[in-house]
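**Q** Sharing a structure here in structure tokens format.
Residue numbers (our numbering), protein chains in the order written: chain Z, 3 to 354; chain G, 14 to 392.
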């Protein structure tokens with residue numbers, strides 16, 4: 003039994019008078035209170051001395067803080083491997099980790115579309131609780147709004163997070179230099195293909211599950227071990243690996259050269275990309291990160307990363323060079339080079 | 014993956030490249046007809062590995078590139094009608110018409126949906142009987158059977174709220190149009206393997222005879238393409254011309270009779286406008302009289318305007334291989350993938366887009382071409 007299923011069993015849905023969310027649930031009145039009491043407060047009130055029923059939270063924090071926010075509007079809200087709640091926690095947790103932070107506290111804000119089933123909302127909240135527990139972060143403040151039917155898409159979530167800076171971390175774009183190795187922590191394109199496999203009109207059968215997961219534990223460990231030898235980390239979410247690398251190549255005025263053969267990818271994901279005519283470099287990820295690492299430690303870095311949670315498929319995928327500044331190239335399995343350009347708009351399935 | 018990995022074998026690729034290098038002695042321009050082949054040549058970096066003597070010319074076989082703007086305008090017009098769900102293949106929705114693209118129409122509130130199969134559009138029609146569902150039936154002989162099947166199925170299921178906006182194009186007349194142009198640079202063709210999977214290759218013998226050019230039916234993987242190139246180059250070097258089949262694992266001379274039957278049941282050959290090229294006789298499909306009720310153009314009384322194209326865009330010359338994208342004064346300045354004047358800059362298979370991305374890294378090579386130097390290594 004997975005931890006997530008265990009948690010669902012431990013947290014049975016509360017009895018409520020309504021089956022769906024109505025505008026009254028967001029009015030601030032009696033129904034809002036009833037909803038919050040029986041859901042949010044029940045799930046997120048931990049005995050940690052933090053007062054949650056005020057307009058904000060008072061939190062202890064030492065040293066430099068890392069602060070990040072992200073909004074989540076994914077459709078469908080339930081997908082193979084997770085739901086929007088887990089995504090909302092992991093997304094912000096990972097953004098903080100990428101800056102060299104150790105995430106501690108999260109805010110949680112829901113914008114719910116009138117008519118959403120309370121059962122679904124509960125399941126999303128279980129996802130939040132599960133992911134927060136896994137990442138070791140505490141939800142300390144939040145907000146709930148309800149919008150009229152048609153003005154949202156079931157539920158939108160914003161999370162904002164605060165963490166403390168890892169003492170060894172020195173993560174800066176300007177630290178990237180020629181010779182650095184580009185490392186990816188896991189298989190690419192998994193999340194995007196998992197979402198596509200259940201999107202209406204494009205469904206196909208597969209066992210592919212989203213890789214939404216928290217990266218903060220393994221990143222913290224790698225910072226313990228390698229500190230300033232890690233020049234930059236970035237999670238290649240929207241727009242995939244290509245967009246992240248193109249942005250960095252542009253900002254550093256350096257060139258990046260990737261090796262097609264080194265890109266770790268699940269066989270089913272690569273098959274789905276073939277079938278749909280999608281380039282995996284442009285497909286979204288959730289649970290992997292790219293690291294620019296001092297060349298002299300790159301091999302041992304990968305070995306160590308492979309021993310961390312979710313790091314078993316880590317690989318060196320490329321090198322930073324002085325040539326062709328601002329451009330990302332990839333060497334095909336046959337030795338031919340091509341440009342990995344910045345994606346224009348959303349990647350669209352091809353006719354043939 | 015079986016049937017893929019063996020055609021991406023780096024050793025085979027190396028071997029074939031060597032063979033091509035030892036075979037070629039003169040300069041040849043080879044047109045790969047299909048956009049999928051262009052895509053594979055670019056994506057795998059093969060185009061940069063060919064010997065300087067061989068120039069690959071990208072043919073008109075990109076359905077997105079050749080769909081005339083007035084048809085996109087019609088699709089946009091339909092999508093903006095109240096109660097219409099406009100369904101389309103994915104890469105069609107970004108192509109600009111004269112006013113806007115389907116993507117822009119969607120942003121303005123139109124119900125535009127991306128599908129993989131026209132049969133899904135029939136399903137959507139069955140589920141939304143209060144709406145009119147239109148499928149933008151674009152493509153070559155490869156997508157025509159599925160589009161025809163959707164119409165047959167809708168008729169069988171007595172679905173009244175489904176129709177298709179037809180913009181089908183056929184390959185052999187396009188090859189003729191390329192060869193009939195007095196400025197053509199093409200010495201040989203790699204024909205589109207999957208088109209022949211459906212249609213067989215009986216129509217191609219006369220092309221070889223009439224124009225005295227080698228045509229090799231070619232697949233899409235790196236090994237396929239290099240084998241195809243080796244086969245045409247061998248013929249050219251010997252001064253021969255014949256029809257050869259590289260894609261034997263899939264293509265047989267008769268094609269797919271069941272698919273052709275479905276197509277002939279629903280469609281008949283008609284003149285067709287090609288973006289940038291103009292009207293080519295007998296180069297497209299229209300719905301037969303018995304299926305007229307499924308014709309979106311008639312159902313919604315769409316005006317059949319001729320395409321007014323951007324006069325600065327030389328897409329037609331590029332699609333026929335007469336001009337290189339870099340020979341266009343708009344290229345990379347006014348016309349970019351973010352702000353395309355014509356479809357070859359929009360589609361990932363389009364010659365201009367491929368060239369644009371290539372040019373950002375190898376500007377020297379592009380400069381050579383402008384000064385009339387090497388015309389090779391172009392993508």
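All C-beta atoms, glycine included, are put in the ideal place defined by N, C-alpha and C.
So for residue 127 of chain G, helix, strand or coil by DSSP?
**A** If DSSP states are grouped into helix, strand and coil, residue 127 of chain G belongs with the strands.
**Q** Taking just the CA atoms, how far does residue 303 of chain G sit from residue 271 of chain Z?
**A** Rounded to whole angstroms, residue 271 of chain Z to residue 303 of chain G spans 43 Å at the Cα level.
**Q** Note down, in chain order, every chain Z residue with its Cβ under 9 Å from the Cβ of residue 398 of chain G.
**A** Because chain G is modelled from 14 through 392, residue 398 of chain G falls outside the range shown and cannot be assessed.
**Q** Start and end of the alpha helix (DSSP H) containing residue 228 of chain Z?
**A** Element bounds for residue 228 of chain Z: 218–228.
**Q** Are any of the Cβ atoms in chain G nearer than 8 Å to that of residue 260 of chain Z?
**A** Not an interface residue.
**Q** Against chain G, with Cβ distances strictly below 8 Å, would residue 122 of chain Z count as a contact?
**A** It does not; no Cβ of chain G falls within 8 Å.
**Q** Examine chain Z for any beta-carbon lying closer than 8 Å to the beta-carbon of residue 58 of chain G, and answer yes or no.
**A** Chain Z contact via Cβ: present.
**Q** Would you please verify whether the beta carbon of residue 335 of chain Z is less than 8 Å from any beta carbon of chain G?
**A** Chain G contact via Cβ: present.
**Q** So with CB distances below 7 Å, who are the chain Z contacts of residue 23 of chain G?
**A** Correct list: 335, 336.
**Q** For residue 105 of chain Z, which of Z:125, Z:119, Z:142, Z:79 has the nearest alpha-carbon?
**A** Taking only the C-alpha atoms, the option nearest residue 105 of chain Z is Z:142.
**Q** Does the stretch 80–96 of chain Z come close enough to the stretch 285–302 of chain Z to have 3 or more Cβ pairs within less than 8 Å?
**A** In short, these stretches touch, since the Cβ pair count reaches three.
**Q** Starting from the Cα of residue 8 of chain Z, find the closest Cα among Z:128, Z:327, Z:210 and give me that residue.
**A** Ranking Z:128, Z:327, Z:210 by Cα distance to residue 8 of chain Z puts Z:128 first.
**Q** Around the C-beta of residue 218 of chain Z, are 16 or more other C-beta atoms found within 10 angstroms, so that it is buried, or is it exposed?
**A** Classification of residue 218 of chain Z: buried, given that the 10 Å Cβ count is 16 or more.
**Q** For a contact meaning CB atoms closer than 8 Å, what does residue 265 of chain Z contact in chain G?
**A** Those within 8 Å of residue 265 of chain Z in chain G number zero; the least Cβ separation is about 13 Å.
**Q** Do you know whose CA, among Z:268, Z:10, Z:112, Z:173, lies nearest residue 103 of chain Z's CA?
**A** Among Z:268, Z:10, Z:112, Z:173, the Cα nearest to that of residue 103 of chain Z belongs to Z:173.
**Q** Quick one: Cα of residue 326 of chain Z to Cα of residue 259 of chain Z, how far?
**A** Taking the straight line joining both Cα atoms gives about 10 Å.
**Q** Give the range of the beta strand (DSSP E) segment to which residue 275 of chain Z is assigned.
**A** Element bounds for residue 275 of chain Z: not the beta strand (DSSP E) but the alpha helix (DSSP H), 269–278.
**Q** Cβ closer than 7 Å: which chain G residues qualify as neighbours of residue 250 of chain Z?
**A** In chain order: nothing, as chain G lies at least about 16 Å away.
**Q** Near residue 181 of chain G, which residues of its chain fall below 6 Å by C-beta distance, leaving aside the five closest residues on each side in sequence?
**A** The residues are 157, 297, 298.
**Q** Measuring CB atoms only, is the stretch 66–81 of chain G touching the stretch 265–280 of chain G, in the sense that at least three cross pairs come out at less than 8 Å?
**A** Segments in contact, no.
**Q** Taking only runs of the beta strand (DSSP E) that begin and end inside the stretch 154–195 of chain Z, which ones reach a length of at least 3 residues, in chain order?
**A** List check, beta strand (DSSP E) in window: 157–167, 183–186.
**Q** Can you pull the chain G residues whose beta carbon is under 8 Å from the beta carbon of residue 204 of chain Z, in chain order?
**A** Residues of chain G passing the Cβ test: 127, 128, 129.
**Q** Could you tell me which uninterrupted alpha helix (DSSP H) segments, each at least 4 residues in length, are contained entirely in the stretch 112–167 of chain G, listed from first to last along the chain?
**A** If we require 4 residues or more, the alpha helix (DSSP H) runs fully inside the stretch 112–167 of chain G come out as 115–120, 131–140.
**Q** Just checking: is the beta-carbon of residue 158 of chain G within a distance shorter than 8 Å of some beta-carbon in chain Z?
**A** No - not a single Cβ of chain Z is within 8 Å of the one on residue 158 of chain G.
**Q** Please state whether DSSP places residue 309 of chain G in a helix, a strand or coil.
**A** Reduced to three states, the DSSP call for residue 309 of chain G is helix.
**Q** Does the beta-carbon of residue 325 of chain G have 16 or more other beta-carbons within 10 angstroms, so that it is buried, or is it exposed?
**A** So residue 325 of chain G ends up on the exposed side.
**Q** Would you call residue 218 of chain G buried or exposed, if buried means 16 or more other Cβ atoms sit within 10 Å of its Cβ?
**A** Residue 218 of chain G comes out exposed.
**Q** How long is the line joining the alpha carbons of residue 120 of chain Z and residue 163 of chain G, rounded to whole angstroms?
**A** Going by the C-alpha atoms only, they are around 39 Å apart.
**Q** When burial is assigned at 16 or more other CB atoms within 10 Å of the CB, is residue 302 of chain Z buried or exposed?
**A** When all chains shown are included, residue 302 of chain Z counts as exposed.
**Q** Where does residue 212 of chain Z sit, in a helix, a strand or coil, going by DSSP?
**A** In this structure, residue 212 of chain Z counts as coil in the three-state DSSP scheme.
**Q** If the cut is a Cβ gap below 7 Å, which residues of chain Z does residue 235 of chain G touch?
**A** Going along chain Z in sequence order, the residues near residue 235 of chain G (Cβ under 7 Å) are 336.
**Q** Report, in whole angstroms, the separation of the C-beta atoms of residue 206 of chain G and residue 233 of chain G, which I expect to be a contact under 8 Å.
**A** Yes, they are in contact, since the Cβ atoms of residue 206 of chain G and residue 233 of chain G sit about 6 Å apart, within 8 Å.
**Q** Could you check whether the Cβ of residue 191 of chain G sits closer than 8 Å to any Cβ belonging to chain Z?
**A** With 8 Å as the cut-off, residue 191 of chain G does not count as an interface residue toward chain Z.
**Q** Between the Cα of residue 300 of chain Z and the Cα atoms of Z:180, Z:311, Z:310, Z:317, which residue gives the shortest distance?
**A** Comparing Cα-Cα distances from residue 300 of chain Z to each of Z:180, Z:311, Z:310, Z:317, the minimum goes to Z:317.
**Q** Is it true that the CB of residue 125 of chain G sits closer than 8 Å to the CB of residue 118 of chain G?
**A** Going by C-beta atoms, residue 118 of chain G is nearer than 8 Å to residue 125 of chain G.
**Q** Taking only beta-carbon positions, decide if residue 18 of chain G is within less than 8 Å of chain Z.
**A** Closer than 8 Å: no.
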